[in-house]
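>
Residue numbers (our numbering): 647 to 793.
(1) Helix, strand or coil: how does DSSP classify residue 686 here?
(2) When the Cβ atoms of the segment 777-785 are set against those of the segment 748-767, are three or more pairs found closer than 8 Å?
(3) Straight-line CA distance for residue 690 to residue 758?
(4) Please go through the same chain and pick out, in chain order, the residues whose beta-carbon is closer than 6 Å to the beta-carbon of residue 667, but skip the five residues on each side of it.
(5) Can the beta-carbon of residue 755 be found less than 8 Å from the beta-carbon of residue 778?
(6) Might you give, ordered along the chain, the residues of its own chain that have their beta carbon closer than 6 Å to the beta carbon of residue 774, omitting 5 neighbours on each side?
(7) Can you look up residue 656 in the DSSP assignment and give me helix, strand or coil?
(8) Can you tell me the Cα-Cα spacing of residue 768 and residue 683, whole angstroms?
(9) For a test of the three-state rule: what should DSSP assign to residue 669, helix, strand or coil?
In structure tokens, the structure reads:
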């Protein structure tokens, strides 16, 4: 009987001690939750910054990406113009022809439609986008704009 009483007392003491010991799983759970929230906030901030940069690139018509040229490709294809030369020649050709023949980016089309819905004039939309007033009229005529 002595042995069973000793085991009972030890069991009761261990239960009482367990109430006072800090639960580390709650702390870890809280840390993981805070980390998750901070990663989510950083991701959203990066998405907003990326959206702003994309809009700036769409509105900045003077921005051009230079593609790297390698001498090996140029040596193999001397008879054929490289991609950069083709793009430049097509840009020169499109500048000399009417601007209607140049396809307009879908994002710009949506932007023009939204600006028209907000009540902007053709001149204001032309200043905010890289398109001419004639292109803006064509977009709104084809898409059923307000004006």
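Just so you know, even glycine gets a beta-carbon here, dropped at the ideal spot from N, CA and C.
Put simply:
(1) Within the chain shown, residue 686 is the residue found at index 40, counting from 1. DSSP places residue 686 in helix when its eight states are reduced to three.
(2) Touching, yes.
(3) Taking the chain shown and counting its residues from 1, the one referred to as residue 690 is at position 44. Taking the chain shown and counting its residues from 1, the one referred to as residue 758 is at position 112. Roughly 26 Å separates the two Cα atoms.
(4) Walking along the chain shown from the start, residue 667 turns up at place 21. Here the set comprises nothing.
(5) Counting from one through the chain shown, the residue named residue 755 turns up at place 109. Counting from one through the chain shown, the residue named residue 778 turns up at place 132. Residue 755 is not a Cβ neighbour of residue 778, given a cutoff of 8 Å.
(6) Taking the chain shown and counting its residues from 1, one reaches residue 774 at position 128. Correct list: empty, nothing qualifies.
(7) Here the question's residue 656 lines up with position 10 in the chain shown. Helix, per DSSP.
(8) Residue numbering aside, residue 768 sits at position 122 when the chain shown is read from its first letter. Residue numbering aside, residue 683 sits at position 37 when the chain shown is read from its first letter. Looking at the backbone, the Cα of residue 768 and that of residue 683 are separated by about 44 Å.
(9) As a working mapping, residue 669 is identified with position 23 in the chain shown. Residue 669: coil per DSSP, three-state reduction.
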